[in-house]
Amino acid sequence: MIARAASAIAPTEIPAAAWDDGSRLLVVTKPRCRSGPEPVRLLSNNIRQTIPRTAPVPGLRPTYPLRTERLDLRPHRTDDLDDLYAFHSRPEVVRYTPWPVRDREQTRKALEAKLRQDVLTEPGQWLVLAIELRETGTVIGEVLLKWASETDRQGEIGFALHTDYQGKGLAFEAATEVLRLGFEELGLHRICAVLDDRNTASAQLLERLGMHREAHLIECAFFKGEWANEYVYALRADRWRAVRA
């Protein structure tokens, strides 16, 4: 599943997310989560006082690598180029990304931007990490976490996985760790994912993660020459804790 989302790679580029269902790459789409400057609140003081708030989130500076059973999630390095090109150049990987198949130079330029995306210091930023298979040291994909809003404690996830490594539960493993990072370390209240509605397998994986379908948006994005429909999935922190208990 690949997500068409707001720029995380470079000012003119949109990040992607991929999920695997054991048979094909799954791709998420453009987000509908709030990002950018905090909105003006048109509430009276009396109403505002009834809304529970927590202390401001200071941002996120993870200690790397983030280790799962089989994976190390870490900042990108310049020597990741060959591994990134191996899946950025595959048509089946970019089917639902906002960019076409990349050549090596295009992949190198994308990597340059990723090198700076290893912390979250303000809303609107993306954390973009390499998914490294610990057994071989190979980068097999990328995982993303967006800090969409500080006031509303909203986030978004996404990731991309090389097709050769699908069907092994690795996308689920990486996504689970990123959800943990968002809820437990960044203190988010809700994390969303947005996907093309033709990716039914992607939706199934999001549901395995405990995410709930909140909306079906019809012809909401003009994507690669055609109008596309999108699903919005989300998970709240209380539900995350219940699923993990």
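Here my numbering is used: the first residue of the sequence shown is -19, the next is one more, and so on. Glycine included, every Cβ here is placed at the ideal spot set by N, Cα and C. Owing to the predicted nature of the structure, the values given are computational and were not obtained by experimental measurement.
For the pair of segments examined, the segment 207 to 216 was found to touch the segment 181 to 196: the number of CB pairs separated by less than 8 angstroms reaches three. The beta carbons of Arg41 and Val99 sit closer together than 7 angstroms.
Selection Ala181, Arg221, Lys204, Ile120 evaluated against His56 yields Ile120 as nearest (Cα-Cα).
Taking every protein chain shown into account, the CB of Pro38 has fewer than 16 other CB atoms within 10 angstroms, so this residue is exposed.
With contacts defined by Cβ atoms closer than 7 angstroms, Leu168 and Arg133 form a contacting pair. Nearest to Glu136 by C-alpha distance, out of Thr156, Thr143, Gly149, is Thr156. Of all C-beta pairs linking the segment 56 to 70 to the segment 108 to 126, three or more are shorter than 8 angstroms, placing the two stretches in contact. Residue pairing for Arg170: DSSP places it in a beta bridge opposite Gln134, Arg216.
When Pro71, Leu61, Val74 are compared, the shortest CA-CA separation from Glu85 is found for Leu61. A distance below 6 angstroms between beta-carbons, with the five flanking residues on each side excluded, links His68 to the following residues of its chain, in chain order: Arg82, Thr87.
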